[in-house]
Amino acid sequence: VQLQASGGGLVQAGGSLRLSCAVSGRIFGSDVMHWYRQAPGKQRELVAFIASGGATSHADSVKGRFTISRDNAKSTMYLQMNSLKPEDTAVYYCNVRRTIPEYREFWGQGTQVTVSS
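In this note's numbering, the protein residues as written are 46 to 162.
Put into structure tokens, the structure is as follows:
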């Protein structure tokens, strides 16, 4: 499985961006897809995840502003980011976590999001 993240850029506070994560390779029904982010000098943190059935969860810091989704037909995951804040500035990574038949994780290369005040 290979992941290609795109859609990052520079935006003013209050603006919007949509990140995409194109997935090549087979995705299993039990795989869970995630968006993480890492700001300079900080640990990588989970932003949101989505299961194959569509169930989602978002970090409290982005709840109500960000929305994770996936298009299985296009093998693509998205992160719609609205009402962006300077503290959202980070490198955003997409991830697939597989537990069946064995534990594996796959990572994209990251895309930079910079929010100016």
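Backbone N, C-alpha and C define an ideal beta-carbon position, used for all residues, glycine too.
All values derive from a computational prediction rather than experimental measurement.
Cβ atoms of residue 121 and residue 50: under 7 angstroms apart, would you say? Within the sequence shown, numbered from 1, the residue matching residue 50 stands at position 5. Within the sequence shown, numbered from 1, the residue matching residue 121 stands at position 76. No, the pair does not count as a contact, with Cβ atoms beyond the cut-off.
Would you list the residues sitting across from residue 158 in a DSSP beta bridge? The count along the sequence shown starts at 1 and reaches residue 158 at position 113. According to DSSP, residue 158 bridges with 54, 135.
Using the three-state DSSP reduction, which class does residue 140 fall into: helix, strand or coil? Position 95 of the sequence shown holds residue 140. Looking at residue 140 - three-state DSSP - the assignment turns out to be strand.
Kindly identify the DSSP beta-bridge partner or partners of residue 62. Taking the first residue of the sequence shown as 1, we reach residue 62 at position 17. DSSP, once it has assigned bridges, lists 126 as partnering residue 62.
Less than 7 angstroms between the C-beta atoms of residue 125 and residue 63, yes or no? One-based indexing of the sequence shown puts residue 125 at position 80. One-based indexing of the sequence shown puts residue 63 at position 18. Yes, the Cβ-Cβ distance between residue 125 and residue 63 is below 7 angstroms.
Would you be able to state if there are at least three C-beta pairs under 8 angstroms between the stretch 96–108 and the stretch 141–148? no
For residue 93, the three-state DSSP class (helix, strand or coil): The residue given as residue 93 occupies position 48 in the sequence shown. Here residue 93 sits in strand by DSSP.
Can you give me the start and stop residues for the beta strand (DSSP E) that residue 76 sits inside? Here residue 76 is taken as the residue at index 31 of the sequence shown, counted from 1. Segment: none, residue 76 is in no beta strand (DSSP E) and carries neither H nor E.
Please classify residue 135: is it buried, with 16 or more other beta-carbons within 10 angstroms of its beta-carbon, or exposed? As a first step, residue 135 must be located in the sequence shown, where it is residue number 90. Residue 135 is buried by the Cβ-count criterion.
Report the three-state DSSP secondary structure of residue 84 (helix, strand or coil). Residue numbering aside, residue 84 sits at position 39 when the sequence shown is read from its first letter. It is coil, neither helix nor strand.
For the beta strand (DSSP E) that residue 113 lies in, which residues bound it at each end? As a working mapping, residue 113 is identified with position 68 in the sequence shown. Element bounds for residue 113: 111–116.
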